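Following: one structure in structure tokens, then a few remarks.
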Amino acid sequence: MRTRLALLGLLAGLATGPAWAQDAPVPVPPAPGATAPLVLVIDYDRAFSQSLFGQRVVAEFNQAARALEAENSRITQELQAEEQDLAARRPDMAPADFREEAEAFDAKVQIIRATQDAKETTLQSAREELLSVFISTADPILAQFMQDRGAVVLLDRRIVRLFAQSVDITDDAVRAIDTEIGDGADVYTVPQVADAQ
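So the sequence shown is numbered by the working numbering: it starts at 588 and just counts up by one.
This is how it looks when you write it as structure tokens:
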């Protein structure tokens with residue numbers, strides 16, 4: 588009997604949280620007597636990870652990943668037990684009956700694999716959109732922040748090589764975002780893809 592348990596390679600290496608590491612640009616001290624800057628810089632990765640929104644969705648993602656991993660482990664154990672039971676009954680079965688049960692088992696494994704793969708895809712898609720959802724949610728808040736400071740441009744720190752530390756608004760932006768949306772539970776939640784037990 589050919590089973591396809593090997594096809595259930597289920598979430599062996601799910602990352603436990605977003606990883607958007609970049610080489611840090613080099614801040615330089617402000618020039619003496621500098622006026623309010625027209626250009627501001629924000630580290631979106633750090634703003635995301637330090638905001639209440641970012642901390643909540645990362646925790647939700649980790650919870651969903653652990654639940655799916657546990658579900659995959661449970662399903663694998665159940666299928667292995669079913670396979671062993673079928674193998675143990677084989678000597679007492681007519682060849683046609685065994686073949687019918689073996690084919691049904693293989694079909695069941697394929698359906699389960701497709702279902703679990705779809706769950707993993709959903710979860711990975713959620714992971715990939717976490718930062719973009721945060722940025723799109725934060726943009727109106729940051730636009731008001733810019734207006735209040737008289738700035739005309741806000742640059743992502745990842746594209747800036749050198750800048751005066753005084754133009755980095757990341758810490759202030761995190762406070763403003765937290766004040767405006769809190770943990771953002773009404774904005775976005777990570778799908779919990781594992782079946783409830």
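Using N, Cα and C, we set each Cβ at its ideal position, and we do this for glycine too. Quick caveat, the model's predicted, so the values are computed rather than measured.
With 16 other CB atoms within 10 Å as the buried threshold, where does residue i fall?
i: G737; result: exposed
i: E658; result: buried
i: R762; result: exposed
i: E707; result: buried
i: I698; result: exposed
i: A730; result: exposed
i: R661; result: exposed
i: A760; result: buried
i: I629; result: buried
i: Q734; result: exposed
Indicate the three-state DSSP secondary structure (helix, strand or coil) for residue i in the structure shown.
i: V761; result: helix
i: I629; result: strand
i: A654; result: helix
i: V740; result: strand
i: E681; result: For clarity, residue 681 is Ala in the given sequence; the question names Glu instead. DSSP places A681 in coil when its eight states are reduced to three.
i: D755; result: strand
i: E767; result: helix
i: A772; result: coil
i: S660; result: helix
i: Q671; result: helix
i: A781; result: coil
i: S638; result: coil
In chain order, what residues of the same chain lie with their CB nearer than 7 Å to the CB of residue i, ignoring the 5 residues before and after it?
i: R677; result: F685
i: I722; result: Y631
Taking 8 Å as the limit between beta carbons, can you name the residues of its chain near residue i, skipping five residues before and five after?
i: P778; result: A651, T709, L710, A713
i: D782; result: E658
i: T776; result: V644, E647
i: A705; result: none
Quick one, which of the options has its alpha-carbon nearest residue i's?
i: F732; options: E715, V720, T757, G771; result: T757
i: I768; options: L742, S638, E656; result: S638
i: A634; options: D726, V740, A772; result: D726
i: V644; options: V720, A694, A675, A751; result: V720
i: G771; options: V628, F640, A701; result: F640
i: L666; options: V780, K695, E687; result: K695
i: L625; options: L655, L741, A760; result: L741
i: V780; options: I629, S636, E669, E656; result: E656
i: F692; options: V747, E670, I629; result: E670
i: T718; options: A701, D743, A681, R653; result: Note that residue 718 is Leu in the sequence shown here, rather than Thr. It is D743.
Does residue i come within less than 8 Å of chain C when only Cβ atoms are used?
i: A705; result: Any reference to chain C falls outside this structure, which holds one protein chain only.
Give me, in chain order, the residues of the same chain whose beta-carbon lies closer than 6 Å to that of residue i; leave out the 5 immediate sequence neighbours on both sides.
i: T724; result: V774
i: I728; result: A763, I764, E767
i: L627; result: A738, L741, V754, I756
i: P682; result: none
Quiz prompt | 3 or more residues per run - each beta strand (DSSP E) lying fully within the segment 685–749 | solution = 740–743
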